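Chains as they are written, first to last, in the numbering used here: chain A, 1 to 307; chain B, 1001 to 1322; chain C, 2001 to 2238; chain D, 3001 to 3404.
The block underneath contains the structure these notes are about, expressed in structure tokens.
This is the structure:
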């Protein structure tokens, strides 16, 4: 399939999605929002993973972003859209600073410290109630765009497209070479002129910024932040599962994973209202056992074989 | 193969600074103990009890990590399932949970076999995070299954002996939780002896240090993995019975113990069993100390994670210098 | 003057001393052989020179400037290239991409130029099938790739760490030819080898390491007849 | 290549999306759209109680000559899922009314959606006054569960009443142990704000529900404080361990009071439970004084052969029944008319009180405002206050551990 056709189809898909509000109801739209929000989180997690660093801290930067957005609006009266960018900035900067220490670590140790970071953010946020509203959190007078369905959807769609583009940049720029080398063999990487630490800090900050951005958007869309809600472990575990299910280290893996698992859990609960989450668990286990390359990996293999 | 090298370097690491750390911990621990003994005796007593609860649950996880080189994120869920089965035995057959621990050993050994053969076996070669995700999925399945069967309603058996207490001078304290101390020490010694003197144990040690090497000298690596995993699951399942004598149980109760065990194992270092006990003691005592100061109990978690972070950063420095 | 020289270079790991007071120099355009029994500190020396390890004591000078505290990626950019004792392909990258890494980050080229340079270098090394992934390569090809990955950054000095290990006689001959070609283009080369034939045919000078110390230095014929060397080394070899 | 594969997938996915959009068939029955956390015992039993209510209504010939249909969607205790559930009920299922509710955290995420559709909503969950603030001016919104500050007020009222009726019961010095989450801290704030004439010390603890479970340091502090009333605010998981550890260190204050949202099913069976006071909207024993409650109890037991263990079960039943009364009164589903009707509806509920709507601090349509003061006696929760529903005399003081 040549480039022209491919880009044409992608364009068509994009148009279809952009036009979704005109032929789909509010429920599919909000479902799409949820899916795309988790999609971008999954992408950001995967982007860092391409350097071999496994992060359990998604919820941490997601929550920080959420608080940054809501608080900057409540106290600073800043325009909601701007607060979302501010959220990205905040999370990115924090990652940059923390990264200077944390990125000394590797593997299991890095993973667990990111996990701890998320937890520490939560505890700190809950212990400065005057600013954050403490355990009860803070609410916005109204959700972004006054809850206007179309606009909200387009905002999320824009973020999703942004995320996909960012991920593709990671895949095509020299970052790709740097991160892949680091993941494969750090010794070779640094002996081949790659400033390992620099590139890890870059990747960590950018992915954290993305997570902060999504957190900010989420908080603006649902109009509130709370420690239990904004730092919920779901925002770490579900994206993780989606990326794995769809296939890691490629842009379309997390995307497809998010769509499939997102729809699955939503449809499942219609047929198994009580305890459909068990099926969700089974899907993850099965996916890892039978699709180590993820859905996309599997399919691209078959495509390869055919052509 | 990358896994193998990882593990070997991990062991070197622990060996290299084990003694240094041992001493440091011993000093810290003794210091705390002395101060506490006259200042707040109950912090000492209850801190030790709490520590050993952590330790007895974390030990099997450390064993799995040390030998198979994987972190079992379904660890706490196995514990939780054990607790529920003990509860069920108690309700159905009036079996005392402490006795239920014995049949549970068998039940969970078999469950361990099944789990290993059907899932773990197939991801041993895969990347670390694949293993983490698989076990995370397993955990989800277990907890949701329990939720379906017993609902999220917290349950707690009535046992008079769990609130047994003794008094020294003016200060009265619970005596029952000393069974956690017993259990932790028993499990630790048991495992150490097992690793040292049984064929499987020796094989496990060898495999843990270098699977390929072990295979070359004719050790059946797969079988060793199978045994070690099953034994660990059996242990943690039985621990569930001890756990639920004292705590309410509900489907999500295991999760936080997975995390705590995970952190303890990371602190103690790859496959370092006795390190678990030391780290637990520091953590448990520190936590109880904070809890004992009025108005600051909220910060107990920070202490926990700060300690984790600190120790891990130190460890990474250690590693870089070599 | 020397292109690269070390001054009483010492490296300790915990208790044991891998290098003690090693003072050697690489003269421009020469091929210097570094030999010694197993655990003599050959690879450690390369790693310290390449910046993978920082020395416990002593200094390293490159083109007259002190690079003792330079990180490895800096030294690579300055012109110190190396291959590895064990083959270390980047297995998520294709053959050409593996080589590109050197050009991208060693010389800061754009992807387009890096790719061009890499394919030129591959041609020079006699590598074909540039889009294969690393699992499909023979040992010789991987060795060549590693050399190419270093060369594409236009280094001034190149360390070949047991690059001949695991190659058959013909392949060794081919490699020797290659290294000669490199020297003829003015590259300074450090060769760590167990295969004595290579040292003999290739090197202008040899440094013998034993227990981390310089045991002897000079043309191969000289050192190979040095009784200390024979006792320490040649006895152990065949 | 990958892209090629991706296109195929994306097409498939798109098809899936469009399919899941599928237009819902026009509905004959009156549709009640409920959102509850079905994985949790509260949502589980509330949803069952709703089913029971709907069944009874349909057996009695439905409403406005139309059958009633109940559609329950799980919110999985996640705000975004709770919001999506409402969207689905509104657009796919074309629900006429929204009911249900449990966690405040989830509800906050739902409020924007509720505002968007402005459907008549009768909510039985979310006690946090943050939610109330967010719902200012929403006159289509009916909130049956008491707000946090109302609960506090009713406790004060209750204890004052008890103190007047039984002067020997002292309650000057309070010690509140509250779980460190939103639920606990809110309660403590409420307590401090309302019980001004009383001394209230407080300390937070980590609930067993989130991995805590060691209350001994806390209980020791309480013991040192020598309060007249010791109250803990936590979850069911904390109930028995707290009693056990209190016994262990010999802590037996004159009034031992606990207020979890739901007690463990077999808490009463424990000898340690005897004499423990509790807060709650509903207790099984109310069936002795309220025929409606008796009916509800028997019917639920018969239908699902399990006992209602949380008051959300009763609230679920009330949720549907109250709404049904309103619809009957209004004779139509037209929002304005229905709101008006609900405003005037009075429903004698299984929790004892007659449910009527009145304004609260911020919103116009608040239902219940009172909690009850209960006490565990001989294995059952007895109502101590309000006195009109009292099923037993208060036991005082809390018997010392060695005197049992």
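Backbone N, C-alpha and C fix where the C-beta goes; we use that ideal spot for every residue, glycine too.
Here the structure is a predicted model, which is why all the values come from computation and not from measurement.
Compare the C-alpha of residue i against each of the options and name the closest.
{"i": "residue 178 of chain A", "options": "A:197, A:37, A:138, A:160", "result": "A:197"}
{"i": "residue 290 of chain A", "options": "A:260, A:247, A:13", "result": "A:247"}
{"i": "residue 141 of chain A", "options": "D:3143, D:3133, D:3140, D:3229", "result": "D:3133"}
{"i": "residue 3301 of chain D", "options": "D:3029, D:3045, D:3225", "result": "D:3045"}
{"i": "residue 3288 of chain D", "options": "D:3176, D:3083, D:3125, D:3392", "result": "D:3392"}
{"i": "residue 3140 of chain D", "options": "D:3123, D:3151, D:3149", "result": "D:3123"}
{"i": "residue 85 of chain A", "options": "A:101, A:64, A:135, A:102", "result": "A:64"}
{"i": "residue 3199 of chain D", "options": "D:3333, D:3174, D:3253", "result": "D:3174"}
{"i": "residue 1098 of chain B", "options": "B:1291, B:1245, B:1263", "result": "B:1245"}
{"i": "residue 3128 of chain D", "options": "D:3162, D:3073, D:3208, D:3146", "result": "D:3146"}
{"i": "residue 2161 of chain C", "options": "C:2043, C:2137, C:2179", "result": "C:2043"}
{"i": "residue 3255 of chain D", "options": "D:3271, D:3231, D:3263", "result": "D:3231"}
{"i": "residue 1276 of chain B", "options": "B:1286, B:1262, B:1287", "result": "B:1262"}
{"i": "residue 3184 of chain D", "options": "D:3271, D:3259, D:3332, D:3059", "result": "D:3259"}
{"i": "residue 3225 of chain D", "options": "D:3176, D:3135, D:3286", "result": "D:3176"}
{"i": "residue 216 of chain A", "options": "A:297, A:118, A:159, A:263", "result": "A:159"}
{"i": "residue 3402 of chain D", "options": "D:3168, D:3209, D:3093, D:3248", "result": "D:3248"}
Within a Cβ cutoff of 6 Å, which residues of the same chain sit near residue i, ignoring the five residues on either side of it in sequence?
{"i": "residue 1253 of chain B", "result": "1080"}
{"i": "residue 3275 of chain D", "result": "3395, 3398, 3399"}
{"i": "residue 3098 of chain D", "result": "3033, 3119, 3121"}
{"i": "residue 3337 of chain D", "result": "3330"}
{"i": "residue 3437 of chain D", "result": "Outside the displayed span of chain D (3001 to 3404) sits residue 3437 of chain D, for which this structure offers no information."}
{"i": "residue 2061 of chain C", "result": "2005"}
{"i": "residue 3062 of chain D", "result": "3068"}
Near residue i, which residues of its chain fall below 8 Å by C-beta distance, leaving aside the five closest residues on each side in sequence?
{"i": "residue 295 of chain A", "result": "245, 246, 247, 253, 256, 257, 260, 287"}
{"i": "residue 3172 of chain D", "result": "3198, 3199, 3228"}
On the premise that residue j lies in contact with residue i, defined as a C-beta separation below 8 Å, what is that separation, rounded to the nearest angstrom?
{"i": "residue 1976 of chain C", "j": "residue 2079 of chain C", "result": "This structure does not reach residue 1976 of chain C, given that chain C is present from 2001 up to 2238, and the question cannot be answered."}
{"i": "residue 3309 of chain D", "j": "residue 1153 of chain B", "result": "6 Å"}
{"i": "residue 2165 of chain C", "j": "residue 2194 of chain C", "result": "7 Å"}
{"i": "residue 167 of chain A", "j": "residue 43 of chain A", "result": "5 Å"}
{"i": "residue 3376 of chain D", "j": "residue 3278 of chain D", "result": "7 Å"}
{"i": "residue 2102 of chain C", "j": "residue 2152 of chain C", "result": "4 Å"}
Note down, in chain order, each residue of its chain lying with its Cβ closer than 7 Å to the Cβ of residue i, except the 5 sequence neighbours on either side.
{"i": "residue 1072 of chain B", "result": "1061, 1064, 1135"}
{"i": "residue 2122 of chain C", "result": "2096, 2099, 2130, 2148"}
{"i": "residue 2072 of chain C", "result": "2050, 2051, 2052"}
{"i": "residue 226 of chain A", "result": "136, 137"}
{"i": "residue 3088 of chain D", "result": "3073"}
{"i": "residue 3326 of chain D", "result": "3338, 3341, 3342, 3345"}
At which residues does the alpha helix (DSSP H) containing residue i begin and terminate?
{"i": "residue 3186 of chain D", "result": "3182-3194"}
{"i": "residue 3164 of chain D", "result": "3148-3165"}
{"i": "residue 2210 of chain C", "result": "Note, residue 2210 of chain C: premise wrong, no alpha helix (DSSP H); beta strand (DSSP E) at 2205-2210."}
{"i": "residue 236 of chain A", "result": "234-246"}
{"i": "residue 2128 of chain C", "result": "Neither: residue 2128 of chain C is in no alpha helix (DSSP H) and is coded neither H nor E."}
{"i": "residue 3295 of chain D", "result": "3291-3304"}
From what residue to what residue does the beta strand (DSSP E) around residue i run?
{"i": "residue 3285 of chain D", "result": "Here residue 3285 of chain D belongs to no beta strand (DSSP E), and DSSP marks it neither H nor E."}
{"i": "residue 3098 of chain D", "result": "3097-3100"}
{"i": "residue 36 of chain A", "result": "Unbroken run through residue 36 of chain A is the alpha helix (DSSP H), 26-49; no beta strand (DSSP E)."}
{"i": "residue 2216 of chain C", "result": "2213-2218"}
{"i": "residue 3176 of chain D", "result": "3173-3179"}
Uninterrupted alpha helix (DSSP H) stretches inside the segment 2053-2123 of chain C (no shorter than 4 residues):
2072-2078, 2095-2106
Curious, which full-length beta strand (DSSP E) runs of at least 3 residues does the segment 3208-3258 of chain D contain?
3229-3233, 3255-3258
Quick check for students: name the residue ranges of the alpha helix (DSSP H) that lie wholly in the segment 2130-2181 of chain C, counting only runs of 4 or more.
2139-2151
Segments assigned alpha helix (DSSP H), at least 4 residues, entirely inside the segment 1031-1107 of chain B:
1041-1068, 1075-1093
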